[in-house]
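Trainee:
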Ligand code: C6P
């Protein structure tokens, strides 16, 4: 039976608060981070209250329980994204760390002067700066697939992509959903195009993993990264998926306990993936919290979540388009969009809009959203962003639109 999303708010303790002035919280900053259901909070408490112990190193009851739960979390992630093998799942601190891991480890082993790393103009800094560091180190070149279209219908230029995909391209790293535009890229198609020139692919799924089904085998990607905190899970835990055959060819990127086969004074050897890439005590508790978050999302059904979030964002885009002096980014109002709406109000700086909306109890994000080169290209210093998740409601869109109308009037808009 489809989930009744209106009942879900009861599962999220943080939503049951009023802010100064008695205003209910309208939380529309979900692309930055999402709230955690009681099931995730309870899983974390249970671990610390009953099982807390280090993993892999002990033979006592608590350590064995913690080790089993950590392994079960890894297997759950593999199932969540349809990976062939739990060994293809590396726990990280989040999307940013996953990209850095590949950029450092894979690039050190494979990238040569003259090689090309291909990115797009809609990448978050987390899928740009790590590649700059890696490419500059070896003398490789970064190239960018341009975005095309007018303000209201931006997307990747696929003809330009095909021109840019030369045999010099060794890896193509791109976002699934833009955190600023709300545009969804066709991952399977982009991966297939890259494969034709022998380039590997890395997919930044930070904005999609908690919203829609992901199947790494159907998508045909080589690496995929995401963050637990953007999908009802804890902060400080994330995932790097890598194809097994690839992972076992990569050198470690950090050294320490847990990742070695044998250590001598001068040399060491490594365990295979995933341990090779998880030096030191792992984030056991949050992996277990992420397991609970995945169970929660799959009980609701990710197709239903995607439909809910997308419908809210589309309704918001239509409602906001009516506001005089607003400039909406991403898909045209009325067209399908991922669960966020980014916009600029004439005569009002994004930070002022966010501050005024906060007085109405509405949590938005304003700024460059870690997309500075994209903002420059769009000729905008910043935008305001409303982003939706499974606990948001249509009534909250009405509140948002009324607040924005008031703000627009205050700043001298029509
Ligand atoms: N975007 C936002 O408000 P981390 O910080 O590692 O969990 O995720 C980084 C990241 C990578 N890629 C995309 C597409 C993202 O949206 C983010 C995080 C937040 O948009 C914080 S800037």
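Residue numbers (the numbering used here): 4 to 417. Backbone N, C-alpha and C define an ideal beta-carbon position, used for all residues, glycine too. Note that this is a predicted model, so its numbers are computed, not measured.
If you draw a straight line from the alpha carbon of residue 149 to that of residue 76, how long is it in whole angstroms?
Mentor: For residue 149 and residue 76, the distance between alpha carbons rounds to 38 Å.
Trainee: For residue 374 versus residue 128, is the C-beta spacing smaller than 9 Å?
Mentor: It is a contact, given that the beta carbons lie within the stated cut-off.
Trainee: So does residue 180 have its beta carbon nearer than 8 Å to some heavy atom of the ligand C6P?
Mentor: Checking the Cβ of residue 180 against the ligand C6P gives yes.
Trainee: For the ligand C6P, any of its heavy atoms closer than 8 Å to the Cβ of residue 232?
Mentor: Residue 232: yes, Cβ under 8 Å from the ligand C6P.
Trainee: How many Å lie between residue 307 and residue 347 at the Cα?
Mentor: Residue 307 and residue 347: Cα-Cα distance of roughly 30 Å.
Trainee: In three-state DSSP terms, what is residue 419?
Mentor: Limits of the chain in this structure are 4 at one end and 417 at the other, which puts residue 419 out of reach.
Trainee: Among all the DSSP beta bridges, which residues are the ones paired with residue 147?
Mentor: In the DSSP output, where bridge partners are listed per residue, residue 147 has 122.
Trainee: What first and last residue would you give for the beta strand (DSSP E) that runs through residue 177?
Mentor: Segment 172-178, the beta strand (DSSP E) holding residue 177.
Trainee: Round the Cβ separation of residue 319 and residue 410 to the nearest angstrom and send it over; I've been treating them as touching at under 8 Å.
Mentor: Contact flag wrong, Cβ pair sits at about 15 Å.
Trainee: Can you tell me whether DSSP reads residue 265 as helix, strand or coil?
Mentor: Correct three-state label for residue 265: strand.
Trainee: Taking contact to mean at least 3 C-beta pairs separated by less than 8 Å, is the segment 243-261 in contact with the segment 161-168?
Mentor: No, the segment 243-261 does not touch the segment 161-168.
Trainee: Would you mind sorting residue 210 into buried or exposed? The rule is 16 or more other CB atoms within 10 Å of its CB.
Mentor: Residue 210 should be labelled buried.
Trainee: Take the Cβ of residue 107 as the centre, count every other Cβ of all protein chains shown within 10 Å, and call the residue buried at 16 or more, exposed below.
Mentor: When all chains shown are included, residue 107 counts as buried.
Trainee: By DSSP, does residue 4 sit in helix, in strand, or in coil?
Mentor: With a pLDDT of 46 at residue 4, under the threshold of 50, the modelled position of this residue cannot be trusted; read the value that follows with caution. Three-state DSSP puts residue 4 in coil, outside helix and strand.
Trainee: Among the candidates 339, 326, 380, 344, whose CA atom is the shortest distance from the CA of residue 415?
Mentor: For the residues 339, 326, 380, 344, the minimum Cα distance to residue 415 belongs to 326.
Trainee: Quick check for students: name the residue ranges of the beta strand (DSSP E) that lie wholly in the segment 167-242, counting only runs of 3 or more.
Mentor: Taking only runs of at least 3 residues, the beta strand (DSSP E) segments lying wholly in the segment 167-242 are 172-178, 203-207, 226-230.
Trainee: Residue 309 and residue 31: beta carbons closer than 9 Å?
Mentor: Against a cut-off of 9 Å, the Cβ pair of residue 31 and residue 309 comes out as no contact.
Trainee: What is the DSSP secondary structure of residue 299, counted as helix, strand or coil?
Mentor: In the structure shown, residue 299 sits in a helix (DSSP, three-state: H, G or I).
Trainee: Tell me which residue opens and which closes the beta strand (DSSP E) that residue 279 is part of.
Mentor: Note, residue 279: premise wrong, no beta strand (DSSP E); not H, not E.
Trainee: Return the residue from the list 393, 250, 269, 278 that minimises the CA-CA distance to residue 261.
Mentor: The candidate whose alpha carbon is nearest that of residue 261 is 278.
Trainee: Do residue 342 and residue 360 count as a contact pair if the criterion is CB distance below 9 Å?
Mentor: It is not a contact, given that the beta carbons lie outside the stated cut-off.
Trainee: So, with DSSP's three-state summary, where would you put residue 387?
Mentor: Strand.
Trainee: Count the C-beta pairs between the segment 181-189 and the segment 131-144 that are closer than 8 Å, then say yes if the count reaches three, no if not.
Mentor: Not touching, per the Cβ criterion.
Trainee: May I ask you to report which of helix, strand or coil DSSP gives residue 60?
Mentor: Residue 60: coil per DSSP, three-state reduction.
Trainee: Am I right that residue 94 and residue 281 are in contact with their C-beta atoms under 8 Å? What's the rounded C-beta distance?
Mentor: Between residue 281 and residue 94 the Cβ distance is about 6 Å, and since that is below 8 Å, they are a contact.
Trainee: What I want to know is whether the C-beta of residue 340 ends up closer than 8 Å to one or more non-hydrogen atoms of the ligand C6P.
Mentor: For the ligand C6P, not one heavy atom lies less than 8 Å from the Cβ of residue 340.
Trainee: Helix, strand or coil: which one does DSSP assign to residue 256?
Mentor: Three-state result, residue 256: coil.
Trainee: Can you give me the Cβ contacts of residue 356 inside the same chain, cut-off strictly under 8 Å, excluding the 5 residues immediately before and after it?
Mentor: Closer than 8 Å at Cβ, skipping near neighbours: 348, 367, 369, 387, 407, 410.
Trainee: Return helix, strand or coil for residue 70, following the three-state DSSP convention.
Mentor: If DSSP states are grouped into helix, strand and coil, residue 70 belongs with the helices.
Trainee: So what does DSSP say about residue 413, is it helix, strand or coil?
Mentor: Three-state DSSP puts residue 413 in a helix.
Trainee: If you follow the beta strand (DSSP E) that residue 359 is part of, which residue opens it and which one closes it?
Mentor: Per DSSP, residue 359 belongs to no beta strand (DSSP E); it is in the alpha helix (DSSP H), 353-362.
Trainee: Here's the rule: buried if 16 or more other CB atoms are within 10 angstroms of the residue's CB, otherwise exposed. What is residue 268?
Mentor: It counts as exposed.
Trainee: Looking at the structure shown, is residue 133 part of a helix, part of a strand, or coil, going by DSSP?
Mentor: Three-state result, residue 133: helix.
Trainee: Take the Cβ of residue 4 as the centre, count every other Cβ of all protein chains shown within 10 Å, and call the residue buried at 16 or more, exposed below.
Mentor: Residue placement at residue 4 is flagged as unreliable, the pLDDT there being 46, under the threshold of 50; a coordinate-derived value is accordingly withheld.
Trainee: Among 291, 146, 252, which residue has its Cα nearest to the Cα of residue 44?
Mentor: When each option's Cα is compared against that of residue 44, the closest is 291.
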